[in-house]
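For the numbering used here, add 209 to where a residue sits in the sequence shown, where the first one is 1. Where a beta carbon is used, it is the ideal one built from N, C-alpha and C, also for glycine. Just so you know, these numbers come straight off a predicted model, no measurement behind them. For reference, the structure is listed below as structure tokens.
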Amino acid sequence: MEIAGLPDRAHKLRKALREADTGGVTYVLIDCPPSLNLLTLNAMAAADSILVPLQCEFFALEGLSQLLQTVEQVRRSLNPALSIQGIVMTMYDGRNNLANQVVDDVRAHMGDKVYRTIIPRNVRISEAPSHGKPAILYDLKCSGSQAYLQLASEVIQRERNLRAA
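What follows is the structure in structure tokens.
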């Protein structure tokens, strides 16, 4: 759907989600491209919270800084309730000192927003899309799939804790 020229374009997704028959669905996950464009802004305008995947690489820190600024702008102008639900460290290679430093830096600045689970760089995860499958269906036993399952448990537990508070 072309939305760039439409009035109130930043709220189109929020409106569509409100009007949709969700059939009792509690959560809707919106997978956005890694760029900050109109589709990403629409997702932020529609979301209660965002889950940020962050590669364990130097330039990812700069990207995180830009994203945090964008979140603040979205809060001011489109969605005051938007929060950062969590940050997931991805593409981690423990043999790389820089990856370890990035994890440490993000944890130091973002605290408990950063999930304990770290998604490793993994060949099987990289191969899965070319076979048309999610990683856990392509190779359930690989370290990447196991990390994603652990992350899912951690996300669910965090959501339960937030709802109980």
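Note down the Cα distance separating residue i from residue j, rounded to an integer number of angstroms.
| i | j | result |
| --- | --- | --- |
| ALA356 | PRO262 | 13 Å |
| ASP348 | GLN294 | 28 Å |
| GLN366 | ALA373 | 11 Å |
| PHE268 | ASN306 | 15 Å |
| ARG333 | SER339 | 10 Å |
| LEU371 | GLY341 | 34 Å |
| THR326 | SER292 | 20 Å |
| GLU363 | CYS351 | 19 Å |
| ARG218 | ARG369 | 33 Å |
With a CB to CB cut of under 8 Å and the five nearest residues on each side skipped, what residues in its chain are close to residue i?
| i | result |
| --- | --- |
| ARG316 | VAL323 |
| ALA337 | PRO343, ALA344, LEU346, TYR347, ASP348 |
| GLN275 | LEU245 |
Can you tell me which of the options puts its alpha carbon nearest to the alpha carbon of residue i?
| i | options | result |
| --- | --- | --- |
| ASP257 | LEU270, PHE268, VAL280 | VAL280 |
| PRO289 | ALA254, GLY233, THR299 | ALA254 |
| SER286 | ALA361, MET319, HIS220, ASN370 | HIS220 |
| MET300 | HIS318, LEU238, ARG330 | ARG330 |
| GLU360 | ALA229, GLN264, MET298 | Going by the sequence as given, residue 360 is Leu instead of Glu. LEU360 has its Cα closest to that of MET298, out of ALA229, GLN264, MET298. |
By the DSSP assignment, the beta strand (DSSP E) with residue i in it spans what residues?
| i | result |
| --- | --- |
| TYR324 | 323-329 |
| SER258 | 258-264 |
| GLY295 | 292-301 |
Can you list, in chain order, the residues of its chain with a C-beta nearer than 6 Å to that of residue i? Leave out the 5 residues immediately preceding and following it.
| i | result |
| --- | --- |
| PRO343 | none |
| GLU266 | none |
Let's see if you can read the secondary structure: which residues bound the alpha helix (DSSP H) around residue i?
| i | result |
| --- | --- |
| ILE334 | 332-336 |
| LYS375 | Because the chain here runs from 210 to 374, residue 375 falls outside it and cannot be looked at. |
| ASN246 | Looking at the DSSP string, ASN246 is not in any alpha helix (DSSP H), and its letter there is neither H nor E. |
| THR279 | 267-286 |
Given residue i, which residues of its chain have a CB within under 7 Å of its CB, disregarding the five upstream and five downstream residues?
| i | result |
| --- | --- |
| ALA252 | LEU222, ILE239, CYS241 |
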